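A short write-up of the structure that comes next.
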Amino acid sequence: TQLLEQSPQFLSIQEGENLTVYCNSSSVFSSLQWYRQEPGEGPVLLVTVVTGGEVKKLKRLTFQFGDARKDSSLHITAAQTGDTGLYLCAGAEVTGGFKTIFGAGTRLFVKA
Amino acid sequence: GAGVSQSPSNKVTEKGKDVELRCDPISGHTALYWYRQSLGQGLEFLIYFQGNSAPDKSGLPSDRFSAERTGGSVSTLTIQRTQQEDSAVYLCASSLQAHTGELFFGEGSRLTVL
Chain H
-3 TQLLEQSPQF LSIQEGENLT VYCNSSSVFS SLQWYRQEPG EGPVLLVTVV TGGEVKKLKR
57 LTFQFGDARK DSSLHITAAQ TGDTGLYLCA GAEVTGGFKT IFGAGTRLFV KA
Chain E
24 GAGVSQSPSN KVTEKGKDVE LRCDPISGHT ALYWYRQSLG QGLEFLIYFQ GNSAPDKSGL
84 PSDRFSAERT GGSVSTLTIQ RTQQEDSAVY LCASSLQAHT GELFFGEGSR LTVL
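Quick mapping for you: the protein sequence lines, in order, are chains H and E. Residues in the first sequence are numbered consecutively from -3, following this note's numbering. Residues in the second sequence are numbered consecutively from 24, following this note's numbering.
As structure tokens, this is what we get:
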């Protein structure tokens, strides 16, 4: 089974600051996803990246897939208190029937 | 339905009892997943169904855990002889096709074993 490592595990910043969250693996994934989860709810899909080197933007969020399709990053510009939550990266394994596994998550807290 | 539906939303049981958790996926989605999430942690893969293929049970933590999916739709996760370490939120997700990796989650079933 492939593993996804996320860093940092926890991040507390002031509103208006920028931040980057990383998701790394030694294995190749057919695609990577980023999810956001709020307390008491299931994760909600933010974006999927498929092509090595791909960059996708979603308002103040920028997602990048590594050239070798082993890692990804999430950059948030000018964080807002509403960005607070648990950010999870996930990947569909290329072997074993495309089972999706998750990283341990980055818990982000944005202070007003 | 419009989204993934899970029941019960909360379940409190005594150690040693059996529990069943139900998941009703989005209509037309061929892939169905069960994950377990302990407080403040990430998602631990349990089991995954894709169409009519044999399920991938590689994440089930012990033989007390089992799951079935009837008619390619509703799924039930059963935990026999529950233990306190089974306490967690059990999340179900469905996907149109597994290879997309794009999962839609229910709100989860919170299990507390006393």
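For each residue, glycine too, the CB sits at the ideal point set by N, CA and C. None of the values given here were measured: they were computed from a predicted structure.
Closer than 8 angstroms to chain E by CB, residue i
i, result
"H/Ile9", "no"
"H/Ala86", "yes"
"H/Glu1", "no"
"H/Glu37", "yes"
Beta-carbon gap between residue i and residue j smaller than 8 angstroms
i, j, result
"H/Gln29", "E/Gly124", "yes"
"H/Gln10", "H/Gly81", "no"
"E/Leu137", "E/Lys38", "yes"
"H/Lys95", "E/Tyr58", "no"
"E/Leu114", "E/Gly94", "no"
"H/Thr73", "H/Asn20", "no"
"E/Ile49", "E/Ser98", "no"
"E/Ala121", "E/Ala77", "no"
"H/Leu88", "H/Phe6", "For the sequence presented, residue 88 of chain H should be read as Ala rather than Leu. Result no, Cβ atoms of H/Ala88 and H/Phe6 do not sit closer than 8 angstroms."
"H/Ser27", "H/Val51", "no"
Three-state secondary structure (DSSP) of residue i
i, result
"E/Ala90", "strand"
"E/Ala77", "coil"
"E/His52", "coil"
"H/Glu50", "coil"
"E/Gln107", "helix"
"H/Thr111", "This structure gives no information on residue 111 of chain H, because the portion of chain H shown stretches from -3 to 108."
"H/Thr96", "strand"
"E/Asp47", "strand"
"H/Gly78", "helix"
"H/Ala86", "strand"
"E/Ala121", "helix"
"H/Val43", "strand"
"E/Gln64", "coil"
"H/Asn20", "strand"
Cβ neighbours of residue i in the same chain (closer than 6 angstroms, five flanking residues each side left out)
i, result
"H/Val17", "Leu70, Tyr83, Thr102"
"E/Arg104", "Gly39, Arg87"
"H/Ala86", "Gln29, Thr96, Phe98"
"E/Cys46", "Gln29, Ser98, Cys115"
"H/Asp63", "Gly48, Gly49"
"E/Tyr56", "Tyr71, Ala116"
Residue i at chain H interface by Cβ criterion, 8 angstroms
i, result
"E/Ala25", "no"
"E/Glu43", "no"
"E/Phe128", "yes"
"E/His122", "yes"
"E/Gly51", "no"
"E/Glu125", "yes"
"E/Gly6", "Within the shown structure, residues of chain E are numbered from 24 to 137, placing residue 6 of chain E beyond reach of any answer."
Cut-off 8 angstroms between Cβ atoms - residues of its own chain near residue i, not counting five sequence neighbours on either side
i, result
"E/Thr135", "Asn33, Lys34, Val35, Thr36, Ser110"
"H/Lys109", "The shown model of chain H, from -3 to 108, leaves out residue 109 of chain H, and the question about it has no answer."
Any non-hydrogen atom of the ligand FAD within 7 angstroms of residue i CB
i, result
"E/Leu134", "Absence of the ligand FAD from the depicted structure is noted, as is the absence of any ligand whatsoever, leaving it without description."
Open item on the list: Which residues of the stretch 52 to 70 of chain H have a Cβ closer than 9 angstroms to any Cβ of chain E? Give them in chain order.
Closed with: Across the stretch 52 to 70 of chain H, no CB contact with chain E closer than 9 angstroms is found for any residue.
Next item on the list: Using a Cβ-Cβ cut-off of less than 7 angstroms, give me the residues of the stretch 90 to 115 of chain E that come near chain H, in sequence order.
Entry: Those would be Leu114, in chain order.
query = At a Cβ cut of 9 angstroms, what residues of the stretch 18 to 33 of chain H count as close to chain E, listed as they run along the chain?
reply = Against chain E - using a Cβ distance shorter than 9 angstroms - the residues of the stretch 18 to 33 of chain H are Phe25, Ser26, Ser27, Leu28, Gln29, Tyr31, Gln33.
When you check each C-beta in the stretch 60 to 86 of chain E against every C-beta of chain H, which residues fall closer than 9 angstroms?
Considering only beta carbons, the part of the stretch 60 to 86 of chain E lying closer than 9 angstroms to chain H consists of Gln60, Gly63, Gln64, Gly65, Leu66, Glu67, Phe68, Tyr71, Gln73, Ser76, Asp79, Ser81, Gly82, in chain order.
Quiz item: If contact means a Cβ-Cβ distance below 8 angstroms, which residues of the stretch 40 to 51 of chain H contact chain C?
Solution: This model lacks chain C altogether; the protein chains it does include are H and E.
- Item | Interfacial residues, the stretch 95 to 106 of chain H to chain E, with Cβ spacing under 8 angstroms | Under the 8 angstroms Cβ criterion, the stretch 95 to 106 of chain H contributes Lys95, Thr96, Ile97, Phe98, Gly99, Ala100, Gly101, Arg103.
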